[in-house]
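Trainee:
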Ligand SMILES: Cc1ncc(C[n+]2csc(CCOP(=O)(O)OP(=O)(O)O)c2C)c(N)n1
């Protein structure tokens, strides 16, 4: 568990981890984070890397689990460049493993 | 891809050809440095006419007017920097009302992007939150994919605006084109879930006091006829949002007209009593619902919408159906029982007769309702009715006998003053056989008054009806009702001579204030083809009633 997510776990705030498959081009990240920022919905963590040939990327987000999350996911799914959204619980290890770079 | 002979073309020529292939025949816009290569190519088109507007916002709303009146994707053009920023309001307006539009903007050359070059603005970044999708094009080759895609996205699912930002070097880049892509068209919507439709039918069949709640999605999907059939078969009293007016003729026996903030008392009270709300292509906007917790408090909800994100967004639906409204209504129809529903229709009839919409002065053309009625008597249902934003808009929404989908052009979601005139011009040019009426206020008309020049130049068949109360009437009303009559910045100290202004722009004019027989004068004015500016003074103390205070429950209306 990295220090950022840990703080929130300590605060009792439940987290969700979102896994997004997206087209890999310059504007995608803006489209996605814009949906969060306009709702003042903080994105706690972001990881993004190209997948396979590099035509697509995978974005991992960790966000607070609040009542708006379902609406957020539906809005993300509507984005033209988002191919797939998976929702995981906070227990997903992806952010834990990069935690060491945040110490 | 269709086979063709090889041609060497510039990016600009490619876009022109792709637009021609899309069936685009008219594009409003204003040229400037970063889009000049495109204008040069457009000048050679034998199929597309360019409409030179006087402000890019005018171009955006003209495209919207065409799109709203026809239901087809329309295009507007602007240069980089200030051209693009001037388009933003019209794009945001299209987003909130789900209007299919493709905005094409010039951008500084790729090598200059990010250098704060002359007239460089991040059009892509600026439009992310106000478009359905947007593109910054990086090569002429890419245009062959992007342009059809922009049209497909604008028209498919829930329609919306798409921006295509094209750097100048991409417009000039020459490539060989051997094959042309198919024009971008509306994708068929995924088939709606049969079980949910059956469940919805069962709920309608079991309901005692159902109400059908139609939104703009009914008009966009082309499902108005199906909505009326459903209402008639199952005897469903029907309310419409501002955006849906005309989906069912407002004087249909089952129509309760517009709901919400300025809906009739009977309409909001009937909603308060319903046990089933069938929301179709509607999004539970706060102007429609009032305080959400008190909206249809005893009702179960069926919600049909093409946009899954609308389902459960404001109100959780008992049955949510994601699908094209026209298709879903068509499949629902045979499963819904014929029902006379005498008790409920009797109760609704009682509400309609005890607390109908009050339209004082309806016979006097020197009052708001009387003027609207007198104008309606000058045209038939083929006319298009556009409005600006304010009291005049709400009076027209309440009282004009709208009877046809796509008849009504109004800025609903964004509520943009300045929408009316350019939207009316765009509709008039797209459908020259129709008369287009634009009801406006003295505040709104000034926000795009420069387009009077465009209309005169194009001889657009637009009849502007200016309801002049020398104030920002709706603001004046809100300050009167909710701010202790502290009237501030809503009364104009100086009022221009609108008739002289209109004449100066080359319009014919009529001053109803000085007409001895206003009804006859109106008839005569409407008999003339081409732009006509009609001026009528309105008492600034006239109010739009009833009114639900912002944030209050719909059943707590001010006024009868
Ligand atoms: C661009 C814009 N600015 C401000 C407003 C806020 N607003 C809503 S209605 C209104 C007054 C409109 O006045 P007018 O066009 O004269 O119409 P009236 O209400 O008098 O009929 C204002 C300022 C708005 N809707 N749009």
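Chains as they are written, first to last, in the working numbering: chain G, 26 to 128; chain C, 12 to 571.
Glycine included, every Cβ here is placed at the ideal spot set by N, Cα and C.
Predicted model, so just to flag it, every value in this text is computed and none were measured.
(1) Indicate whether at least one CB of chain G lies closer than 8 Å to the CB of residue 164/C.
(2) Pick out whichever of 440/C, 360/C, 434/C has its Cα sitting closest to the Cα of residue 265/C.
(3) Run through DSSP, which three-state label would residue 303/C get?
(4) Any idea if residue 74/G is buried or exposed, counting beta-carbon neighbours within 10 angstroms, 16 or more meaning buried?
(5) Using only CA atoms, which one of 29/C, 115/C, 37/C, 479/C lies nearest to residue 443/C?
(6) Going along chain G, which residues have a C-beta under 9 Å from residue 319/C?
(7) When the cut-off is 8 Å and only beta carbons count, does residue 115/C lie next to chain G?
(8) For the alpha helix (DSSP H) holding residue 281/C, just list the boundary residues, first then last.
(9) In three-state terms, what does DSSP make of residue 367/C?
(10) By the 10 Å Cβ neighbour count, where 16 or more other Cβ atoms means buried, how is residue 80/G classified, buried or exposed?
(11) In this structure, what does DSSP give as the bridge partners for residue 40/C?
(12) May I ask you to report which of helix, strand or coil DSSP gives residue 50/C?
(13) Please state whether DSSP places residue 322/C in a helix, a strand or coil.
(14) For residue 453/C, verify whether its CB is less than 7 Å away from any heavy atom of ligand 3.
(15) Would you call the region 402–410 of chain C in contact with the region 50–63 of chain C, where contact means no fewer than 3 C-beta pairs closer than 8 Å?
(16) For residue 55/G, return the contacting residues in chain C, with the cut-off set at a CB-CB distance below 8 Å.
(17) Chain B beta carbons: is any one of them nearer than 8 Å to that of residue 96/G?
(18) Please state whether the Cβ-Cβ distance between residue 546/C and residue 522/C is less than 8 Å.
(19) Which residues in chain C have a C-beta closer than 7 Å to the C-beta of residue 59/G? List them in chain order.
(20) Threshold first: 4 residues or longer. Then list the alpha helix (DSSP H) segments lying entirely within the region 464–498 of chain C, N to C.
(21) For residue 19/G, which residues does DSSP report across the bridge?
(22) Quick one: what's got a C-beta closer than 6 Å to residue 42/G's C-beta in the same chain, skipping five residues either side?
(23) Could you spell out where the beta strand (DSSP E) holding residue 100/C opens and where it closes?
(24) According to DSSP, is residue 27/G part of a helix, a strand, or is it coil?
(25) Under 7 Å: does the beta carbon of residue 402/C sit that close to some heavy atom of ligand 1?
(26) Got a sec: is the Cβ-Cβ distance from residue 79/G to anything in chain C below 8 Å?
(27) Comparing alpha-carbon positions, which option in 128/G, 111/G, 115/G lies nearest residue 46/G?
(28) Any beta-carbon of chain G closer than 8 Å to the one on residue 324/C?
(29) The alpha helix (DSSP H) that contains residue 55/G, what's its start and end?
(30) Quick check: residue 482/C and residue 499/C, are their CB atoms within less than 8 Å of each other?
(31) May I ask whether a heavy atom of ligand 1 can be found less than 7 Å away from the beta carbon of residue 104/C?
(32) Spell out a yes or no on whether the region 477–496 of chain C and the region 554–569 of chain C are touching, meaning 3 or more CB-CB pairs, one atom from each, closer than 8 Å.
(33) Within its chain, find whatever has a CB closer than 6 Å to the CB of residue 207/C; leave out the 5 residues flanking it on each side and keep chain order.
(34) With DSSP collapsed to three states, give me the class of residue 518/C.
(35) Can you tell which of 50/C, 441/C, 243/C has its C-alpha closest to the C-alpha of residue 34/C?
(36) Determine the contact status of residue 433/C and residue 469/C, defining contact as a CB-CB distance below 8 Å.
Mentor: This is what the structure holds:
(1) Working through the second chain from its first residue, we reach residue 164/C at position 153. So yes, residue 164/C belongs to the interface.
(2) The residue you call residue 265/C lines up with position 254 of the second chain. Among 440/C, 360/C, 434/C, the Cα nearest to that of residue 265/C belongs to 360/C.
(3) As a first step, residue 303/C must be located in the second chain, where it is residue number 292. Correct three-state label for residue 303/C: helix.
(4) Residue numbering aside, residue 74/G sits at position 49 when the first chain is read from its first letter. Exposed.
(5) Translated into positions along the second chain, residue 443/C becomes position 432. The candidate whose alpha carbon is nearest that of residue 443/C is 37/C.
(6) Counted from its first residue, the second chain places residue 319/C at position 308. Correct list: 99, 102, 103.
(7) The residue labelled residue 115/C in the question sits at position 104 within the second chain. Not one chain G Cβ lies under 8 Å of residue 115/C.
(8) Locating residue 281/C in the second chain gives position 270, where the first residue counts as 1. That run of the alpha helix (DSSP H) goes 276–284.
(9) Looking up residue 367/C in the second chain gives position 356. Here residue 367/C sits in coil by DSSP.
(10) Locating residue 80/G in the first chain gives position 55, counting from the first residue. It counts as exposed.
(11) Residue numbering aside, residue 40/C sits at position 29 when the second chain is read from its first letter. Per DSSP, 63/C, 88/C.
(12) Sequence index remark: in the second chain, residue 50/C carries index 39 (1-based). If DSSP states are grouped into helix, strand and coil, residue 50/C belongs with the helices.
(13) On the second chain, position 311 is the one that residue 322/C refers to. The answer is coil: DSSP assigns residue 322/C none of H, G, I, E or B.
(14) Among the ligands modelled here, namely ligand 1, ligand 3 does not occur.
(15) no
(16) What you label residue 55/G is simply residue 30 of the first chain in a count that begins at 1. Those within 8 Å of residue 55/G in chain C are 136, 139.
(17) You won't find chain B in this structure, because its protein chains are G and C.
(18) Indexing the second chain from 1 puts residue 546/C at position 535. Indexing the second chain from 1 puts residue 522/C at position 511. Result yes, Cβ atoms of residue 546/C and residue 522/C sit closer than 8 Å.
(19) Within the first chain, numbered from 1, the residue matching residue 59/G stands at position 34. The answer, in chain order, is 139, 140.
(20) 484–493
(21) Outside the shown range of chain G (26 to 128) lies residue 19/G, about which nothing can therefore be said.
(22) By 1-based counting over the first chain, the position of residue 42/G is 17. For residue 42/G, where only same-chain residues beyond five positions count, the Cβ hits under 6 Å are 87, 113, 117.
(23) Taking the second chain and counting its residues from 1, the one referred to as residue 100/C is at position 89. Where residue 100/C is concerned, there is no enclosing beta strand (DSSP E), although the alpha helix (DSSP H) it sits in stretches over 93–107.
(24) Position 2 of the first chain, counted from the first residue, corresponds to residue 27/G. Because the pLDDT of residue 27/G is 41, which lies under 50, any placement of that residue in the model is unreliable, and the number read from its coordinates should be weighed accordingly. In this structure, residue 27/G counts as coil in the three-state DSSP scheme.
(25) Here the question's residue 402/C lines up with position 391 in the second chain. True, at least one ligand heavy atom lies under 7 Å from that Cβ.
(26) Taking the first residue of the first chain as position 1, residue 79/G is located at position 54. So no, residue 79/G is outside the interface.
(27) For the purposes of this step, residue 46/G is taken as residue 21 along the first chain, with counting starting at 1. Among 128/G, 111/G, 115/G, the Cα nearest to that of residue 46/G belongs to 111/G.
(28) Start at 1 with the first residue of the second chain, and residue 324/C comes out as number 313. Taking Cβ atoms only, chain G reaches closer than 8 Å to residue 324/C, which makes this a yes.
(29) Translated into the one-based positions of the first chain, residue 55/G becomes position 30. Run containing residue 55/G: 53–62, per the alpha helix (DSSP H) assignment.
(30) Indexing the second chain from 1 puts residue 482/C at position 471. Indexing the second chain from 1 puts residue 499/C at position 488. No, the pair does not count as a contact, with Cβ atoms beyond the cut-off.
(31) Position 93 of the second chain, counting from 1, holds the residue named residue 104/C. Incorrect: residue 104/C has no Cβ contact closer than 7 Å to ligand 1.
(32) yes
(33) Here residue 207/C refers to the residue found at position 196 when the second chain is read from its first residue. Same-chain partners within the cutoff: 330, 332.
(34) The count along the second chain starts at 1 and reaches residue 518/C at position 507. Reduced to three states, the DSSP call for residue 518/C is coil.
(35) Translated into positions along the second chain, residue 34/C becomes position 23. Closest by alpha carbon: 441/C.
(36) Along the second chain, read from residue 1 onward, the residue named residue 433/C stands at position 422. Along the second chain, read from residue 1 onward, the residue named residue 469/C stands at position 458. Contact flag unset, no.
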